[in-house]
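Working notes for the structure below.
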Amino acid sequence: MTRRGRVPLSERVYHSLRRDLATGAIVPTERLGEERLAEIYGVSRTPVREALARLQADGLVERHSDGLYPYRPRLEELDNLYELRIVLETRGIQRTIDVAQAAEREASRFDPAPAHDLALVRAELDTWRRMLEDPPEPGPALVAADEQFHTTLLAAAGNTALADALTGVYVRVRPVRTLDLPTPDRIATMTAEHIAIAEQLLSGNPDRALGTLTAHIDSSRSHVLSRAQQALDLTKLARAVRD
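Take 8 as the starting number for the sequence shown in the working numbering and just add one per residue.
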């Protein structure tokens with residue numbers, strides 16, 4: 008029986024593995040052997056086995072003929088995940104638009120869903136304005152800050168289930184994004200677009216924010232898919248030559 012306040016070993020290993028899978032600390036082509044992982048995390052094989060079972064249920068680990076491996080999305084799956092991002096994130100802003108339209112029509116006998124929590128949006132705006140003055144380095148910290156902006160924006164719309172679903176999408180695409188380091192120009196563009204979206208929401212213009220957000224995600228989607236295709240093409244080329 009687990010003492011109150013103590014985190015079970017399998018839970019600790021689960022979160023450590025989930026983090027290492029998401030940040031690319033574990034090579035995507037590496038077989039997830041229980042014995043080796045037990046050695047890495049300093050535990051027995053049992054908590055590792057339990058953690059891997061949970062990660063497989065999460066869709067972050069997949070079984071091949073010779074064992075378990077990190078989930079690696081195919082191009083089509085990667086495209087579908089970005090499409091899901093668009094559905095989830097735009098729905099958050101659409102909720103605010105719906106509130107405004109309901110208030111104008113006064114057609115509902117019930118109180119409409121709350122509009123965006125502007126304090127959360129304002130905090131993110133302040134964060135990205137600071138980044139505009141002091142651009143961050145590419146890497147996992149920048150990816151995490153980008154994800155936080157989008158999940159916070161969605162949580163601010165008043166439906167935490169949408170934000171939780173978006174987090175699930177991010178976990179699956181994060182390894183690809185973490186390994187594809189953005190250029191200074193792309194970081195500057197990301198920062199400017201985040202600021203624009205937040206400012207448009209705060210100024211009471213959700214329609215413009217919706218358009219800016221959609222274009223922002225579409226641009227990221229096109230870039231990631233293009234880079235992934237280039238990587239696949241280079242891999243095929245590499246097979247045709249040797250040192």
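Beta carbons are placed, not taken as given, at the ideal position from N, Cα and C, and that holds for glycine.
Since Glu42 contacts Arg52 with CB under 8 Å, what's their CB separation in whole angstroms?
Here residue 42 refers to the residue found at position 35 when the sequence shown is read from its first residue. Here residue 52 refers to the residue found at position 45 when the sequence shown is read from its first residue. Indeed they touch by this definition, with Cβ atoms about 6 Å apart.
Do the region 219-234 and the region 181-189 make contact, defined as three or more Cβ pairs closer than 8 Å?
yes
Which two residues bound the contiguous alpha helix (DSSP H) that contains Pro54?
Working through the sequence shown from its first residue, we reach residue 54 at position 47. 52-65 is the span of the alpha helix (DSSP H), which, as asked, contains Pro54.
Pull the bridge partners of Val68 from the DSSP assignment, please.
One-based indexing of the sequence shown puts residue 68 at position 61. Looking at the DSSP assignment, Val68 forms a beta bridge with Pro77.
Could you pull the start and end residues of the alpha helix (DSSP H) that Leu188 belongs to?
As a first step, residue 188 must be located in the sequence shown, where it is residue number 181. Counting along the chain, Leu188 falls outside any alpha helix (DSSP H), and DSSP gives it neither H nor E.
DSSP three-state call for Gly146: helix, strand or coil?
Locating residue 146 in the sequence shown gives position 139, where the first residue counts as 1. Three-state DSSP puts Gly146 in coil, outside helix and strand.
DSSP three-state label for Gly40, please.
For the purposes of this step, residue 40 is identified with residue 33 of the sequence shown, where counting begins at 1. Gly40 falls in the coil class under three-state DSSP.
Apply the 10 Å Cβ neighbour rule to Thr198 and answer buried if 16 or more other Cβ atoms are within range, or exposed otherwise.
Counted from its first residue, the sequence shown places residue 198 at position 191. Label assigned to Thr198: buried.
From Asp133 to Phe156, what distance separates their C-alpha atoms?
To locate residue 133, count along the sequence shown from 1; it is residue 126. To locate residue 156, count along the sequence shown from 1; it is residue 149. Distance between the alpha carbons of Asp133 and Phe156 is about 11 Å.
Would you tell me roughly how many angstroms separate the C-alpha atoms of Glu200 and Thr221, rounded to the nearest one?
Residue numbering aside, residue 200 sits at position 193 when the sequence shown is read from its first letter. Residue numbering aside, residue 221 sits at position 214 when the sequence shown is read from its first letter. Looking at the two C-alpha atoms, the distance is approximately 11 Å.
The alpha helix (DSSP H) that contains Ser23, what's its start and end?
What you label residue 23 is simply residue 16 of the sequence shown in a count that begins at 1. Counting along the chain, the alpha helix (DSSP H) containing Ser23 begins and ends at 16-30.
Along the chain, where does the alpha helix (DSSP H) that runs through Pro129 open and close?
As a working note, residue 129 is residue 122 in the sequence shown. The amino acid at residue 129 is misidentified as Pro; the sequence shows Arg. Here the alpha helix (DSSP H) through Arg129 covers 125-140.
Let me know the secondary structure DSSP gives Asn87 once reduced to three states.
Stepping through the sequence shown from its first residue, residue 87 is reached at position 80. The answer is helix: DSSP assigns Asn87 an H, G or I state.
Whole angstroms is fine: what's the gap from Leu95's alpha carbon to Ile33's?
What you label residue 95 is simply residue 88 of the sequence shown in a count that begins at 1. What you label residue 33 is simply residue 26 of the sequence shown in a count that begins at 1. The alpha-carbon atoms of Leu95 and Ile33 are separated by roughly 29 Å.
In chain order, what residues of the same chain lie with their CB nearer than 7 Å to the CB of Glu57, ignoring the 5 residues before and after it?
On the sequence shown, position 50 is the one that residue 57 refers to. For Glu57, where only same-chain residues beyond five positions count, the Cβ hits under 7 Å are Ser17.
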